[in-house]
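These notes concern the structure reproduced below.
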Amino acid sequence: MAKKGILLINLGSPRSTAVEDVKEYLDEFLMDEKVIDYRWIFRALLVQGIILKTRPAKSAEAYKTVWTEEGSPLIVITKKVQQKLQKRVNVPVEIGMRYAEPSIETGIRNLIEKGVSEIVLFPLYPQYAMSTTETVIEKAEEIRKKKFPDIKINYIQPFYHRELYTDCLAESIREKLPENFDALLFSYHGVPERHIYKTDPTKTCNLNDCCSRETNPSHPFCYRHQCFNTTETVIKKLELPKDKVIVSFQSRLGKDKWIEPYTDHTLETIPAKGIKKLVIVCPAFVSDCLETLEEISVEGKEQFLQAGGESFTYLSCLNDEDRWIEVIRTLCEEKLNQFYLV
Ligand SMILES: C=CC1=C(C)c2cc3[nH]c(cc4nc(cc5[nH]c(cc1n2)c(C)c5CCC(=O)O)C(CCC(=O)O)=C4C)c(C)c3C=C
Ligand SMILES: [Fe+2]
Ligand SMILES: [Fe+2]
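Quick note on numbering: the sequence shown equals residues 930 to 1271 in the working numbering.
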């Protein structure tokens, strides 16, 4: 019988905090047409002609503030998850990154070296987006077809609506919530509005109220809806009143319109509305990374305090919490079993 294996995929980080390495990473990341979805020539003009002239130095400084002795937090945490999961399943587990190393190809190769020919590939993103789940699957398929046509890959789909995940997230938040706070802010990574319209085959999302409706044909493709839905499910489990909860979207890049509301604007305006003690959580990320440890925990905190906020508590991501490893194990086992059905 064919040997099976698990490949956990995360976004990836630069090799080091050297400006050249950050530049190489940003070049690969931002030249992905699922991330900056302009025609090649316009993307190259924007990325190589403008962004890569100044951003690598700025991002390298930011990476320095979160980098650990073992490397980038995102990679270190993904490795810890791999090791913990490996102890709970009886098939090989490897990791791969969409950008930089270890690449998806390296991850597949490592599994093949262990005799694996059927892979369960898990993009570690709870909500679907063109710039995350879709680009991972597209890249893995490209590599499989070109380099490893004899292997099979079974993909784990976004899991924001799976009860085992929302239970896990709610429990993780419950454990960390301070007793006294004015609001809990759910800050998700943003995406350009255009991406949502582009990937909605039903053309029924207008990025207004429909994203928070209970049902709409666009929901399986709408990242904004999936973020709202994650929040709503979790706050019900936490029994938090809706007026104590805010949702916003962080990490904008460039001049396009991104999905709203924006986290930085939110942090600057809520103290004047009486929200002085803030708790913040970032559920689009399953592992802490530059965007949570620097953009939110350092920059976001400063913005909020400068605008009159009094206390700012950041709740870490699921990282390598045991309950999260158990969710990963269950989702992987489900897919491993599907190989027997086809
Ligand atoms: C939910 C996950 C993510 C989505 C959606 C996403 C979209 C997206 N990101 C950029 C641009 C950048 N993102 C950067 C860092 C970064 N992004 C994610 C996740 C999502 N991105 C993570 C986990 C990280 C951290 C990586 C790490 O090493 O810790 C960066 C690089 C850092 C910087 O210079 O600020 C950029 C650039 C776009 C344009 C986009 C959607 C179109
Ligand atoms: Fe990003
Ligand atoms: Fe929507």
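Note that the Cβ used here is the ideal one computed from N, Cα and C, for glycine as well. Note that the coordinates shown come from a computational prediction; the quantities given were computed from them, not determined experimentally.
Classification of residue i by the beta-carbon crowding that lies within 10 angstroms, buried from 16 upward
i: P1002; result: buried
i: A986; result: exposed
i: I970; result: exposed
i: H1148; result: buried
i: G941; result: buried
i: M930; result: exposed
i: Q1267; result: exposed
i: D1193; result: buried
i: K933; result: buried
i: P1200; result: buried
i: T1128; result: buried
i: P1055; result: buried
Inter-residue Cα distance where the pair is residue i and residue j
i: E957; j: R1091; result: 32 Å
i: C1211; j: K1075; result: 36 Å
i: R1142; j: L1040; result: 42 Å
i: G1238; j: K1205; result: 4 Å
i: T946; j: C1218; result: 14 Å
i: V964; j: A1058; result: 10 Å
i: E1280; j: Q1232; result: It is not possible to answer for residue 1280, since the shown part of the chain is limited to 930 through 1271.
i: L1244; j: R944; result: 27 Å
i: E1250; j: T1159; result: 19 Å
i: I1254; j: K1264; result: 16 Å
i: E1071; j: V1065; result: 10 Å
i: L1114; j: E1220; result: 15 Å
i: P1146; j: V1010; result: 35 Å
i: E998; j: E1224; result: 20 Å
i: G1203; j: E1189; result: 21 Å
i: E953; j: G1000; result: 17 Å
i: P1021; j: Q1155; result: 31 Å
i: A1213; j: V1256; result: 16 Å
i: W1187; j: F1157; result: 16 Å
i: T1035; j: S1216; result: 21 Å
i: R1153; j: F1178; result: 9 Å
i: K1171; j: Q1086; result: 28 Å
i: D1096; j: K1166; result: 7 Å
i: K1132; j: V1120; result: 17 Å
i: E1262; j: L1014; result: 11 Å
i: V1005; j: I1024; result: 11 Å
i: N1109; j: R972; result: 47 Å
i: Q1296; j: T983; result: This structure gives no information on residue 1296, because the portion of the chain shown stretches from 930 to 1271.
i: L1169; j: I1209; result: 14 Å
i: C1134; j: V1227; result: 34 Å
i: E962; j: V995; result: 28 Å
Where the beta strand (DSSP E) containing residue i begins and where it ends
i: I1225; result: First-last for I1225: undefined, no H or E at that position.
i: K932; result: 932-939
i: K963; result: First-last for K963: undefined, no H or E at that position.
i: T926; result: Since the displayed the chain opens at 930 and closes at 1271, residue 926 lies outside it and no answer follows.
i: A1112; result: 1112-1118
i: N1019; result: Run containing N1019: none; DSSP gives neither H nor E here.
i: V1210; result: 1206-1210
i: F1150; result: It is not in any beta strand (DSSP E) - F1150 carries neither H nor E in the DSSP assignment.
Residue of the options minimising C-alpha distance to residue i
i: L1247; options: G1000, L975, T1007; result: T1007
i: D1079; options: L1219, I1037, Q1155; result: I1037
i: T1259; options: R1017, I1082, D1129; result: R1017
i: K1184; options: I979, S942, K963, T1035; result: I979
i: I938; options: L955, Q1267, D950, E1030; result: E1030
i: L1106; options: Y1084, N1083, I1164, C1151; result: I1164
i: Q1235; options: T1198, I1004, L1053; result: T1198
i: D966; options: I1125, L1098, L1136; result: I1125
i: E1047; options: M1026, N1019, K1081; result: K1081
i: S1116; options: R1181, D1138, Y1094, E1104; result: R1181
i: Y1028; options: C1151, N1019, T1061, G1044; result: T1061
Residue i: first and last residue of the uninterrupted alpha helix (DSSP H) it sits in
i: T994; result: 981-995
i: L1136; result: Looking at the DSSP string, L1136 is not in any alpha helix (DSSP H), and its letter there is neither H nor E.
i: S1069; result: The question names Ser, yet the displayed sequence has Ala at residue 1069. Its alpha helix (DSSP H) spans residues 1064-1076.
i: T1095; result: 1092-1105
i: T1198; result: 1192-1198
i: L1260; result: 1251-1267
i: K952; result: 948-959
Original post:
Quick one, what's near ligand 2 if you take every residue whose CB is closer than 6 Å to any heavy atom, in chain order?
Top reply: H1118, S1180
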